[in-house]
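Student: I have a structure here, written as structure tokens, and I will follow up with some questions on it.
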Amino acid sequence: MSSAKHTEAAGAITKAESTYNTDPSPASTDAVRIIKPRPLLKPEYVYDGARGIANGGFGRHVRQTPTGRFVKNTVVMEGKGRGAAYTSSAVKVPDVHEWLLSSGLAGTVTTTGGSEKWDFTPTAGTGTPGSQTTWFYGEGEVWKVNGIYSDLKIVGDGIGIPRWEFPFAGTMTTDPADIALPSLTYTVPTVVPPPATNITFTLGNLTAGKVRSFTFSLNRQYDGARVDQNSANGHAGFQPGPRDPVLECVVEATSLQGTPFTATSAYDPWSLVENATSGLAFSMTIGGTQYNRWKLIFTQCQVADAEPVEDASAAVRKLVIKPYVVGDQDNSDLTIRFD
Amino acid sequence: MSGTTVAWRGVTITIPPAIANETAEIVEAYELAAFAKALRVPTDEVLRLKADEAAAVQAARAKGPEALAALAFPDLTPKESGHE
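Here the protein sequences line up with chains A and B, keeping their order.
Numbered according to our numbering, the first sequence terminates at residue 339, and the numbering increases by one at each position without gaps.
Numbered according to our numbering, the second sequence terminates at residue 1084, and the numbering increases by one at each position without gaps.
Spelled out as structure tokens, the structure:
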């Protein structure tokens, strides 16, 4: 009697696509570490084959073959740096690199000695959005998902390691297959992701704010399905769309700061919203060691909303911070930096 | 997809997607050639500049964070020369 398919023998390998929806055959060295809850993939179909109720009766007709197979789910990872200098474009950020590139962001690496960094900034509207293929190993099978576009959410709901969540959609032209989990090579597995403690948080002049939690949502449209009657699969992939980035953070209340409504240790959330105070610079740094830290940077932003929330210890405010662009073809609203 | 941008000492090159998917050796060889072309110098000169840079970073690290923070390398952007 064969043994049951193991639930813990799981992994994933990810590779950017040179041509959209064309499998670039990721290798075992392209492994990305997905944390739980792992995505339990389920095939979905644009046309599910259902043909409706039989005439003169209450039964159902035989189903047609479904077409337009795709997969939608979410992978969760931990953000961390390389632990060493980014000396070339081949020295990538561990785990999240290709998923950031499929989330409507483009990567720029600076290799100048001592100040190496990767900057991920929104892909220009006139540019080509990045896509990737991921082979998911789990439960004794491999699922090859192509043409993946994704969204991004970074959740820091305490002082632990923030979670990087990537909701995604991709096509599936290859059927799942039985396979034993191969030997996968992960990037710098001994580098430990930095937790959300001793972070730096800057909003305008406010640098001493006490942050309880944060959630950054890129809110990038990624799953506009492209039905294709001309193809055997019936599905030409997905079309990504605009983004609506927002940072929600819970910060301890302070004395209400007069104009310009932020100071080193005080802020007035109500006036920031009422006046739509613009031109605020925002940055948040997680991790204190060069090459194992990341930053969320808004070149310019506003506080779009504020409300009091329940907290057991002190008065706190939930701030909704939204970056904005400064021109119709500008993409300077946000940067995710690993330096 | 659009290429990956590499910035070094004021010079910027773009790695095409097809090259970015190759092995690290191929990517780094492409970068070397692309920087040499952008700077209008031989590849050996690029390697020498990078080696000098790495040595300076290592020496600064040994001295401490202040020395590392003070480290600055001159811009290498080729200057357009005037012609009579």
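Glycine is no exception: its CB is placed at the ideal position from the N, C-alpha and C atoms.
Run the CB neighbour count on A:Phe58, radius 10 Å, all protein chains shown included, and call it buried at 16 or more, exposed below.
Tutor: Along the first sequence, one-based indexing puts residue 58 of chain A at 58. The residue in question, A:Phe58, is exposed, as its Cβ has fewer than 16 Cβ neighbours within 10 Å.
Student: Name, going along the chain, the residues of the segment 16-50 of chain A whose beta-carbon falls closer than 8 Å to a beta-carbon of chain B.
Tutor: Correct list: Ala16, Glu17, Ser18, Tyr20 and Pro24.
Student: Drop a sphere of 10 angstroms on the beta-carbon of A:Tyr149, count the other beta-carbons inside from all chains shown, and report buried for 16 or more, exposed for fewer.
Tutor: Along the first sequence, read from residue 1 onward, the residue named residue 149 of chain A stands at position 149. Answer is buried; the Cβ neighbour count reaches 16.
Student: With a threshold of 8 Å between beta-carbons, can B:His1083 be considered close to chain A, or not?
Tutor: Numbered from its first residue, the second sequence carries residue 1083 of chain B at position 83. Note on B:His1083: pLDDT 47, under 50, position unreliable in the model; the coordinate value appears next. No, no contact with chain A.
Student: From the DSSP output, which residues share a beta bridge with A:Arg317?
Tutor: Counting from one through the first sequence, the residue named residue 317 of chain A turns up at place 317. For A:Arg317, which the question treats as bridged, DSSP gives the partners A:Val251 and A:Pro308.
Student: Under the rule that 16 or more other beta-carbon atoms within 10 Å means buried, what is A:Asp90, buried or exposed?
Tutor: Position 90 of the first sequence, counted from the first residue, corresponds to residue 90 of chain A. The sequence shown places Ala at residue 90 of chain A, rather than the Asp named in the question. Buried.
Student: Does A:Ser283 come out as helix, strand or coil in the three-state DSSP assignment?
Tutor: Residue numbering aside, residue 283 of chain A sits at position 283 when the first sequence is read from its first letter. It is a strand residue.
Student: Going along chain B, which residues have a C-beta under 7 Å from A:Gly287?
Tutor: Counting from one through the first sequence, the residue named residue 287 of chain A turns up at place 287. Near A:Gly287 there are no residues of chain B at all, since even the closest Cβ is about 16 Å away, more than 7 Å.
Student: State the DSSP-derived secondary structure class of B:Leu1049, mapped to helix, strand or coil.
Tutor: Here residue 1049 of chain B refers to the residue found at position 49 of the second sequence. Of the three classes helix, strand and coil, the one that applies to B:Leu1049 here is helix, per DSSP.
Student: In angstroms, rounded to a whole number, what distance separates the CA positions of A:Asp330 and A:Ala276?
Tutor: Within the first sequence, the letter at position 330 stands for residue 330 of chain A. Within the first sequence, the letter at position 276 stands for residue 276 of chain A. One C-alpha to the other measures close to 20 Å.
Student: Along the segment 85-106 of chain A, where does the CB come closer than 9 Å to a CB of chain B? Name the residues.
Tutor: Per Cβ criterion, the list reads Ala85, Thr87, Ser88, Ser89, Ala90, Val91, Leu101, Ser102 and Ala106.
Student: Do B:Val1057 and A:Gly204 count as a contact pair if the criterion is CB distance below 8 Å?
Tutor: For the purposes of this step, residue 204 of chain A is taken as the residue at position 204 of the first sequence. For the purposes of this step, residue 1057 of chain B is taken as the residue at position 57 of the second sequence. No, the Cβ-Cβ distance between A:Gly204 and B:Val1057 is not below 8 Å.
Student: Identify the continuous beta strand (DSSP E) that holds A:Ala169 and give its terminal residues.
Tutor: Reading the first sequence from its first residue, position 169 is the one you call residue 169 of chain A. Per DSSP, A:Ala169 belongs to the beta strand (DSSP E) from Arg163 to Thr171.
Student: Which class does B:Pro1017 belong to by DSSP, given the choice of helix, strand or coil?
Tutor: On the second sequence, position 17 is the one that residue 1017 of chain B refers to. Here B:Pro1017 sits in helix by DSSP.
Student: Can you list, in chain order, the stretches of the beta strand (DSSP E) that have 3 or more residues and sit fully within the segment 192-225 of chain A?
Tutor: Complete beta strand (DSSP E) runs here, min 3: 200-203 and 211-217.
Student: Relative to the C-alpha of A:Asn233, which candidate in A:Ser25, A:Arg33 and A:Pro66 has its C-alpha closest?
Tutor: Reading the first sequence from its first residue, position 233 is the one you call residue 233 of chain A. The shortest C-alpha separation from A:Asn233 is found at A:Pro66.
Student: Against B:Ala1059, what residues of chain A qualify as contacts under a CB-to-CB distance less than 8 Å, listed in chain order?
Tutor: Along the second sequence, read from residue 1 onward, the residue named residue 1059 of chain B stands at position 59. Per Cβ cutoff of 8 Å: no residues; B:Ala1059 is ~11 Å from chain A at best.
Student: Quick one: any contact between the segment 179-191 of chain A and the segment 259-275 of chain A, if contact means 3 or more CB pairs under 8 Å?
Tutor: No: fewer than three Cβ pairs fall under 8 Å.
Student: By the DSSP assignment, the beta strand (DSSP E) with A:Tyr86 in it spans what residues?
Tutor: Position 86 of the first sequence, counted from the first residue, corresponds to residue 86 of chain A. Per DSSP, A:Tyr86 belongs to no beta strand (DSSP E) and is neither H nor E.
Student: Taking the beta carbon of B:Thr1109 as the centre, do at least 16 other beta carbons fall within 10 Å, making it buried, or is it exposed?
Tutor: In this structure chain B extends from 1001 to 1084, so residue 1109 of chain B is not present and cannot be described.
Student: Short of 7 Å Cβ to Cβ, which residues in the segment 1018-1032 of chain B face chain A?
Tutor: Of all residues in the segment 1018-1032 of chain B, Ala1018, Ala1020, Asn1021, Ala1024, Val1027, Glu1028 and Glu1031 have a Cβ within less than 7 Å of some Cβ in chain A.
Student: Taking only three categories from DSSP, how would you classify A:Pro269?
Tutor: Residue numbering aside, residue 269 of chain A sits at position 269 when the first sequence is read from its first letter. In the structure shown, A:Pro269 sits in a helix (DSSP, three-state: H, G or I).
Student: As a quick exercise: from A:Asp30, A:Ala16 and A:Ala31, pick the residue whose alpha carbon is nearest that of A:Pro24.
Tutor: Position 24 of the first sequence, counted from the first residue, corresponds to residue 24 of chain A. For the residues A:Asp30, A:Ala16 and A:Ala31, the minimum Cα distance to A:Pro24 belongs to A:Ala16.
Student: Which residues in chain B have a C-beta closer than 9 Å to the C-beta of A:Val62? List them in chain order.
Tutor: Counting from 1 along the first sequence, the entry for residue 62 of chain A is found at position 62. Those within 9 Å of A:Val62 in chain B number zero; the least Cβ separation is about 42 Å.
Student: Is B:Thr1005 close to chain A, meaning its C-beta is less than 8 Å from at least one C-beta of that chain?
Tutor: Residue numbering aside, residue 1005 of chain B sits at position 5 when the second sequence is read from its first letter. At least one chain A Cβ lies under 8 Å of B:Thr1005.
Student: Classify B:Phe1035 as helix, strand or coil using the three-state DSSP reduction.
Tutor: For the purposes of this step, residue 1035 of chain B is identified with residue 35 of the second sequence, where counting begins at 1. Of the three classes helix, strand and coil, the one that applies to B:Phe1035 here is helix, per DSSP.
Student: CA-CA distance, A:Trp118 and A:Pro195?
Tutor: In the first sequence, counting from the first residue as 1, residue 118 of chain A sits at position 118. In the first sequence, counting from the first residue as 1, residue 195 of chain A sits at position 195. In a straight line, the C-alpha of A:Trp118 is about 20 Å away from that of A:Pro195.
Student: By a C-beta neighbour count over all protein chains shown, 10 Å radius and 16 as the cutoff for buried, is B:Pro1116 buried or exposed?
Tutor: Not covered by the structure: residue 1116 of chain B. The range shown for chain B is 1001 to 1084.
Student: Is the segment 41-53 of chain A close to the segment 242-256 of chain A, with three or more CB pairs under 8 Å?
Tutor: Judged by Cβ distances under 8 Å, the segment 41-53 of chain A makes no contact with the segment 242-256 of chain A, as fewer than three pairs qualify.
Student: Report the residue from A:Ser313, A:Phe338 and A:Thr299 whose alpha carbon sits nearest the alpha carbon of A:Gly324.
Tutor: Within the first sequence, residue 324 of chain A is the residue found at index 324, counting from 1. The sequence shown places Tyr at residue 324 of chain A, rather than the Gly named in the question. Here the closest residue by C-alpha is A:Thr299.
Student: Would you mind telling me which residues of chain B sit closer than 7 Å to A:Gly114, beta carbon to beta carbon, in chain order?
Tutor: On the first sequence, position 114 is the one that residue 114 of chain A refers to. Val1057, Ala1060, Leu1068 and Leu1071, listed in chain order.
Student: Just reading off the beta strand (DSSP E) that A:Leu105 is part of, what are its end residues?
Tutor: One-based indexing of the first sequence puts residue 105 of chain A at position 105. Leu105 to Thr110 is the span of the beta strand (DSSP E), which, as asked, contains A:Leu105.
Student: Suppose you measure from the CA of A:His128 to the CA of A:Gly147; what does that come to, to the nearest Å?
Tutor: Within the first sequence, the letter at position 128 stands for residue 128 of chain A. Within the first sequence, the letter at position 147 stands for residue 147 of chain A. His is not the amino acid found at residue 128 of chain A; the sequence shown has Thr there. Each residue's alpha carbon lies about 13 Å from the other.
Student: Is there at least one Cβ from chain A nearer than 8 Å to B:Glu1045's Cβ?
Tutor: Here residue 1045 of chain B refers to the residue found at position 45 of the second sequence. Chain A contact via Cβ: absent.
Student: Please list the terminal residues of the continuous beta strand (DSSP E) segment that includes A:Leu334.
Tutor: Residue 334 of chain A sits at position 334 when you count from the first residue of the first sequence. Note, A:Leu334: beta strand (DSSP E), Leu334 to Phe338.
Student: Closest Cβ-Cβ distance between A:Val109 and chain B: below 8 Å?
Tutor: Working through the first sequence from its first residue, we reach residue 109 of chain A at position 109. Closer than 8 Å to some Cβ of chain B, the Cβ of A:Val109 qualifies, so yes.
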